[in-house]
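Residue numbers (my numbering), protein chains in the order written: chain C, 15 to 125; chain Z, 6 to 119. Just so you know, even glycine gets a beta-carbon here, dropped at the ideal spot from N, CA and C. It should be emphasised that the depicted structure is a prediction, and the values quoted were computed from it without experimental measurement.
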């Protein structure tokens, strides 16, 4: 089945850029997503990218997709303490609308 | 309601007892998902309902777990004979059924089996 992997932790200083990486196995995934989970809260969609795109930018967020390597990344520019959260990569399993999530990356922003 | 509602928000139960977790999806969302979030384990897919189609139960960890969705709306996840390893946050999400649709998550039910 589909497998989605992320590193568990990332620590950056306030004002720096954060890059959160994700790898997946199903090359037929059409939509790839980034979700954010703040402490004690549910998950919220940050952004998503179609598989026919290489990059998507939305304000401080940049999503890069390398289909050949099945690698997805989320870059957060000018990271703020409010960005501290768990970030989940998710892919839409081929042929369904089922989401497969990664383990999540806990981002800690140091003041 | 405006969002996905789950109840109870917290549940403590004794090992061996059965529990029922409820999810009220957003009105009009035909897709409904249950996930389990354990500490350091990320989100584990449990079950997926889409309209009137047979549910995808491929993520249910054992036959102690079952779920139903009545009338295409409310869903109940039942865990029979709970074990300590069932302790986790159980998250429900719903979405419209099309590619790129956002999955809206509830706040989750934190289950503790003692």
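Residues bridged to residue i [DSSP beta-bridge criterion]
{"i": "residue 69 of chain Z", "result": "DSSP, once it has assigned bridges, lists no residue as partnering residue 69 of chain Z."}
{"i": "residue 66 of chain C", "result": "Paired residue(s): none; residue 66 of chain C is not in a bridge."}
{"i": "residue 19 of chain C", "result": "C/37"}
{"i": "residue 71 of chain C", "result": "C/76"}
{"i": "residue 86 of chain Z", "result": "BP columns for residue 86 of chain Z are empty, so no partner."}
{"i": "residue 57 of chain Z", "result": "Residue 57 of chain Z is not bridged to any residue."}
{"i": "residue 43 of chain Z", "result": "Z/47"}
{"i": "residue 106 of chain C", "result": "C/113"}
{"i": "residue 29 of chain Z", "result": "Z/10"}
{"i": "residue 58 of chain C", "result": "C/50"}
{"i": "residue 114 of chain Z", "result": "Z/95"}
{"i": "residue 18 of chain Z", "result": "Z/118"}
{"i": "residue 121 of chain C", "result": "C/24, C/99"}
{"i": "residue 44 of chain C", "result": "Partner(s): none; residue 44 of chain C has no beta bridge."}
{"i": "residue 100 of chain Z", "result": "Z/36"}
8 Å Cβ cutoff met for residue i and residue j
{"i": "residue 38 of chain C", "j": "residue 81 of chain C", "result": "no"}
{"i": "residue 74 of chain Z", "j": "residue 67 of chain Z", "result": "no"}
{"i": "residue 93 of chain C", "j": "residue 34 of chain C", "result": "no"}
{"i": "residue 112 of chain Z", "j": "residue 11 of chain Z", "result": "yes"}
{"i": "residue 96 of chain Z", "j": "residue 116 of chain C", "result": "no"}
{"i": "residue 36 of chain Z", "j": "residue 99 of chain Z", "result": "yes"}
{"i": "residue 16 of chain Z", "j": "residue 101 of chain Z", "result": "no"}
{"i": "residue 21 of chain C", "j": "residue 44 of chain C", "result": "no"}
{"i": "residue 105 of chain C", "j": "residue 114 of chain C", "result": "yes"}
{"i": "residue 14 of chain Z", "j": "residue 114 of chain Z", "result": "yes"}
{"i": "residue 48 of chain Z", "j": "residue 102 of chain C", "result": "yes"}
{"i": "residue 125 of chain C", "j": "residue 52 of chain C", "result": "no"}
{"i": "residue 59 of chain C", "j": "residue 68 of chain C", "result": "no"}
{"i": "residue 25 of chain Z", "j": "residue 119 of chain Z", "result": "no"}
{"i": "residue 86 of chain Z", "j": "residue 21 of chain Z", "result": "yes"}
{"i": "residue 39 of chain Z", "j": "residue 72 of chain Z", "result": "yes"}
Neighbouring residues, chain C, relative to residue i (Cβ below 7 Å)
{"i": "residue 89 of chain Z", "result": "Those within 7 Å of residue 89 of chain Z in chain C number zero; the least Cβ separation is about 21 Å."}
{"i": "residue 70 of chain Z", "result": "Neighbours of residue 70 of chain Z on chain C: none; closest Cβ ~17 Å, over 7 Å."}
{"i": "residue 77 of chain Z", "result": "Within 7 Å Cβ-Cβ: nothing; residue 77 of chain Z doesn't reach chain C, min ~15 Å."}
Beta-carbon neighbours of residue i, restricted to chain C and to distances below 8 Å
{"i": "residue 96 of chain Z", "result": "56, 57"}
{"i": "residue 85 of chain Z", "result": "In chain order: nothing, as chain C lies at least about 24 Å away."}
{"i": "residue 54 of chain Z", "result": "Ordered by position in chain C, no residue passes the 8 Å Cβ test against residue 54 of chain Z, which lies about 10 Å from the chain."}
{"i": "residue 111 of chain Z", "result": "56"}
Listed by chain order, chain C residues near residue i by CB distance under 9 Å
{"i": "residue 73 of chain Z", "result": "Those within 9 Å of residue 73 of chain Z in chain C number zero; the least Cβ separation is about 18 Å."}
Assumed close pair residue i, residue j - CB separation to whole angstroms, cut-off 8 Å
{"i": "residue 108 of chain Z", "j": "residue 41 of chain Z", "result": "Not quite, the Cβ-Cβ distance comes to about 15 Å (not below 8 Å), so this is no contact."}
{"i": "residue 24 of chain C", "j": "residue 121 of chain C", "result": "5 Å"}
{"i": "residue 54 of chain Z", "j": "residue 64 of chain Z", "result": "Not a contact, Cβ separation roughly 12 Å."}
{"i": "residue 16 of chain C", "j": "residue 40 of chain C", "result": "4 Å"}
Proximal residues of chain Z, C-beta to C-beta of residue i below 9 Å
{"i": "residue 102 of chain C", "result": "47, 48"}
The ligand FMN heavy atom lying under 7 Å from the CB of residue i
{"i": "residue 30 of chain C", "result": "Absence of the ligand FMN from the depicted structure is noted, as is the absence of any ligand whatsoever, leaving it without description."}
Determine, using beta-carbon pairs with one atom in the segment 60-80 of chain C and one in the segment 40-52 of chain C, whether at least three such pairs fall under 8 Å.
Yes, the segment 60-80 of chain C touches the segment 40-52 of chain C.
For the pair the segment 21-38 of chain Z and the segment 90-104 of chain C, tell me if three or more CB-CB distances fall below 8 Å.
Cβ pair count under 8 Å is below three, so no.
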